[in-house]
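Novice: Please see the structure below; I have some questions.
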Amino acid sequence: FEARKHLASEIDSLRQRVAERQTIVRAVTALAKGADDGRAYAQLRSLAMSWQISVEDAARRIVAMTSEEATGEEGGDDQSHRA
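In my numbering, the protein residues as written are 119 to 201.
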């Protein structure tokens, strides 16, 4: 029973990581306008370090910011999203 519970937990963790990777791909795509993927990913990593958050969290911020820009909305989060 414990082994099955552990495997179910590991599967959930892997599913979450796959979902986060999709967010990272969207963020890199947003950052890649005029740059190659490697440079965009390096920029994402740099932003994550400067914001002192994970790459996944930085990707979520980038995706949220690009979504807000596309819809013309202002973010309600008062934290600085700009590098």
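Glycine residues also receive a C-beta, built at the ideal position from the N, C-alpha and C atoms. For clarity, every value in this text was computed on a predicted model and none was experimentally measured.
Report the option in GLN170, LEU132, LEU165, ASP130 whose CA atom is closest to the CA atom of VAL146.
Specialist: Closest by alpha carbon: LEU165.
Novice: Going by beta carbon distance, what residues of the same chain come within less than 8 Å of SER172, once the five residues before and after it are set aside?
Specialist: Answer for SER172: ALA166, listed in chain order.
Novice: Counting C-beta neighbours from all protein chains within 10 Å, is the total for THR141 16 or more, i.e. buried, or is it exposed?
Specialist: By the 10 Å Cβ count, THR141 comes out buried.
Novice: Answer yes or no: do ALA153 and LEU162 have a C-beta to C-beta separation smaller than 8 Å?
Specialist: No, the pair does not count as a contact, with Cβ atoms beyond the cut-off.
Novice: Below 7 Å CB to CB, which residues in the same chain sit around GLU174 once its five sequence neighbours on both sides are set aside?
Specialist: Excluding sequence neighbours, GLU174 sits near GLU138, THR141, ILE142.
Novice: Near LEU149, what residues of its chain come up, given a Cβ to Cβ distance below 7 Å and the 5 sequence neighbours on each side ignored?
Specialist: Counting only Cβ-Cβ distances below 7 Å, and skipping sequence neighbours, we find ALA158, GLN161, LEU162, ILE180.
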